[in-house]
Amino acid sequence: MNDGTNKPAIRRKLRDILAGMTDADRHAKSIAACSLLATTPEFAAASTVMLYMSTTLEVDIASLALKCWQSGKTVVVPRVSWDQRRILPVEISSLQTGMTTTGHGIREPDATAGKPIPTDLIDLVVVPGLGFSEQGYRIGRGMGFYDRFLAQPEFVGIPCGLAFSDQVVPEIPVLDHDMPLSMLVTDRGISRFSSNLISSR
Numbered sequence: 000m001n002d003g004t005n006k007p008a009i010r011r012k013l014r015d016i017l018a019g020m021t022d023a024d025r026h027a028k029s030i031a032a033c034s035l036l037a038t039t040p041e042f043a044a045a046s047t048v049m050l051y052m053s054t055t056l057e058v059d060i061a062s063l064a065l066k067c068w069q070s071g072k073t074v075v076v077p078r079v080s081w082d083q084r085r086i087l088p089v090e091i092s093s094l095q096t097g098m099t100t101t102g103h104g105i106r107e108p109d110a111t112a113g114k115p116i117p118t119d120l121i122d123l124v125v126v127p128g129l130g131f132s133e134q135g136y137r138i139g140r141g142m143g144f145y146d147r148f149l150a151q152p153e154f155v156g157i158p159c160g161l162a163f164s165d166q167v168v169p170e171i172p173v174l175d176h177d178m179p180l181s182m183l184v185t186d187r188g189i190s191r192f193s194s195n196l197i198s199s200r
C-alpha cells in the first residue's frame with residue numbers, strides 16, 4: 000500500500016489537464032477511444048455493459064452506447080444513492096429520455112426510467128476517472144462509488160477504464176480499498192492488466 004496523501008495534488012493536476020483540452024480534441028479522442036473499446040473481444044462477448052453518464056470533461060460515451068444497442072446489448076448506467084454512498088445499475092434505452100441531473104451535476108435515470116439490473120448480470124463495466132496509472136489503477140473524485148461497486152462479491156464482470164491518453168500517469172498512490180482494473184482503453188491504445196502488470200495489445 001502506498002501513501003495516498005498526495006492524491007489531492009494529483010487530482011488538481013489532472014483537472015487542469017482536462018480543463019485545458021479543446022472541445023474538438025475532446026470529441027475526436029472520445030470517438031477514437033470508444034471505437035477502440037468496441038473492437039475488443041471483451042466488448043464483443045459482453046451481453047450487458049455498464050456505462051457512465053459523461054460529464055463535459057470526460058470521454059463522451061455516446062458513440063459506445065450506440066454500438067451497444069446496435070449489437071443488441073443491454074446498457075445500464077449508474078443511479079446514485081448519495082445517502083447510502085452507492086450506485087445502482089439501471090437499464091436504459093436512450094441517453095436523453097428519462098434522464099435527470101442531480102444536485103451534484105451528475106446525469107442519471109430519473110425515478111421512472113429503466114429498471115434495476117442485478118450486479119452479477121453485468122459483463123463489462125466501463126469505468127470513468129480523473130486519472131489512470133500504467134499499473135491499472137485509477138483515481139476518481141474521492142467519493143469511492145466505483146471502488147465499492149467493483150468490490151462487491153456479486154460483481155464478476157470485467158472492469159475497464161476509459162480515458163483520454165492525457166489522463167494516464169506513471170503511478171497513482173494505491174490504498175487498500177482501491178480496486179484495480181482489468182483493462183484500460185484510451186484514444187491511443189488498449190492495455191490489459193494481470194497480477195498488476197501491464198500487458199498491451
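Using numbering that gives the first Met the number 0, you'd call the opening residue of the sequence shown number 0 and step up by one each time.
Each residue gets a CB set at the ideal place from its N, CA and C atoms; glycine is no exception.
Keeping to the same chain, check which residues put their C-beta closer than 8 Å to that of residue i; ignore five residues upstream and five downstream.
i, result
"residue 34", "62"
"residue 169", "132, 133"
"residue 142", "84"
Pick from the options: whose alpha carbon is nearest that of residue i?
i, options, result
"residue 148", "111, 123, 7, 16", "123"
"residue 115", "89, 154, 45", "89"
"residue 57", "179, 85, 19", "19"
"residue 81", "73, 72, 68, 101", "101"
"residue 67", "163, 87, 25, 92", "92"
"residue 119", "103, 155, 164, 140", "155"
"residue 97", "109, 36, 173", "109"
"residue 59", "25, 175, 144, 103", "25"
"residue 16", "164, 188, 193, 174", "164"
"residue 193", "175, 158, 174, 105", "158"
"residue 32", "162, 40, 174, 175", "162"
So, at 7 Å on beta carbons, what are the nonlocal neighbours of residue i in its own chain, with the 5 sequence-adjacent residues on each side left out?
i, result
"residue 177", "136, 146"
"residue 14", "129"
"residue 111", "97"
Since I believe residue j is in contact with residue i (beta carbons under 8 Å), could you give me their beta-carbon distance rounded to a whole number of angstroms?
i, j, result
"residue 10", "residue 138", "7 Å"
"residue 28", "residue 186", "4 Å"
"residue 46", "residue 72", "6 Å"
"residue 126", "residue 180", "6 Å"
"residue 94", "residue 64", "6 Å"
Could you check if residue i is buried or exposed, using at least 16 other CB atoms within 10 Å of its CB as the buried criterion?
i, result
"residue 43", "exposed"
"residue 128", "buried"
"residue 107", "buried"
"residue 152", "exposed"
"residue 38", "exposed"
"residue 166", "buried"
"residue 104", "exposed"
Tell me whether residue i, by its Cβ, gets closer than 6 Å to a heavy atom of the ligand COA.
i, result
"residue 193", "No copy of the ligand COA occurs in the structure displayed, which carries no ligand at all."
Using C-beta distances below 6 Å, list every residue in its chain close to residue i, excluding the 5 sequence neighbours before and after it, in chain order.
i, result
"residue 183", "131, 160, 190"
"residue 150", "178"
Do we get a CB-CB distance below 7 Å when we pair residue i with the residues of chain B?
i, result
"residue 132", "The structure shown contains no chain B; it is built from a single protein chain."
Decide yes or no for the touch test of the stretch 72-83 against the stretch 43-58: beta carbon pairs closer than 8 Å, at least 3 of them. yes
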